[in-house]
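Student: Residue numbers (our numbering), protein chains in the order written: chain A, 33 to 179; chain B, 1428 to 1495.
Yeah, the Cβ is synthetic: ideal placement off N, Cα and C, and Gly gets one too.
All figures in this text were calculated on a predicted structure; none of them were measured in a lab.
Encoded as structure tokens, here's the structure I'll be asking about.
In structure tokens:
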């Protein structure tokens, strides 16, 4: 457990930086995935292309409600250096799913990735679809390798 | 908006955009010399709520705040 705990702590620390950069009030599963993708190329997807896909999905989702991001020319708020984003619900779900994927065995970094990719709704699967990644296929491959 | 996944994602995106706009608009108003009561009334929330949410951030950003 301690090796995985150490890995998770490292990922979480960097994910906080991603959440701040994203001006998000909470650390979410997509921020964890951005950190993981910075260290590993997954199905041809790297952190920059995933970040771009997240941005496209945000714009697309606003567009569904008839809102264009470009319609607002307000200068963004000054970032607060003291702010520590809290833990978002998507991270809790990803960790629950990672533990379930690990089963009785010791959790490994790949189980965290499986936990994150298991989400069927929310920004992660939406952005992966935007990036043209077959999430189900990727998940099946990871599950086969982890078992 | 027939797909529930799209509709729900739109709600989440609008909330996120609203939060970003609130931070930006409150900062802009306070830089323009607005007081807390007026900002609160314009947002339709209590002065305590807007204070609690934005005071620390604006102090850190170096915005000169009016007392009232």
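Using a Cβ-Cβ cut-off of 6 Å (strictly less than) and excluding sequence neighbours within five positions of residue 129(A), which residues of its own chain qualify?
Tutor: So the list reads 147 and 150, once near-sequence residues are dropped.
Student: Just by C-beta distance, which residues in the region 136-164 of chain A are closer than 7 Å to chain B?
Tutor: Listed in sequence order: 153 and 158.
Student: Apply the 10 Å Cβ neighbour rule to residue 1486(B) and answer buried if 16 or more other Cβ atoms are within range, or exposed otherwise.
Tutor: When all chains shown are included, residue 1486(B) counts as exposed.
Student: Using DSSP bridges, identify the partner residues of residue 123(A).
Tutor: In DSSP, residue 123(A) forms no bridge with anything.
Student: Does the beta carbon of residue 1492(B) sit closer than 8 Å to a beta carbon anywhere in chain A?
Tutor: So no, residue 1492(B) is outside the interface.
Student: Quick one: which residues of the region 55-72 of chain A get their C-beta closer than 9 Å to a C-beta of chain B? List them in chain order.
Tutor: Correct list: 55, 56 and 57.
Student: Buried or exposed: residue 1442(B), going by 16 or more other Cβ atoms within 10 Å of its Cβ?
Tutor: With fewer than 16 other Cβ atoms within 10 Å, it is exposed.
Student: How about residue 75(A) and residue 170(A): are their beta carbons less than 8 Å apart?
Tutor: Cβ atoms of residue 75(A) and residue 170(A): closer than 8 Å.
Student: Between residue 1491(B) and residue 1456(B), what straight-line distance do the alpha-carbon atoms span, to the nearest angstrom?
Tutor: Taking the straight line joining both Cα atoms gives about 11 Å.
Student: Report the rounded CA-to-CA distance for residue 91(A) versus residue 66(A), giving the unit in angstroms.
Tutor: Approximately 19 Å, taken between the alpha carbons.
Student: Do residue 1451(B) and residue 108(A) count as a contact pair if the criterion is CB distance below 8 Å?
Tutor: The answer is yes: Cβ separation under 8 Å.
Student: Measure the CB-CB distance between residue 89(A) and residue 162(A) and report whether it falls below 8 Å.
Tutor: Result yes, Cβ atoms of residue 89(A) and residue 162(A) sit closer than 8 Å.
Student: Which same chain residues end up closer than 7 Å to residue 77(A) when comparing Cβ atoms and leaving out the 5 residues on each side of it in sequence?
Tutor: Closer than 7 Å at the Cβ level, and outside the excluded window around residue 77(A), lie 69, 163 and 165.
Student: For a test of the three-state rule: what should DSSP assign to residue 94(A), helix, strand or coil?
Tutor: Looking at residue 94(A) - three-state DSSP - the assignment turns out to be helix.
Student: Contact criterion: CB-CB distance below 8 Å. Does residue 96(A) meet it with respect to chain B?
Tutor: So yes, residue 96(A) belongs to the interface.
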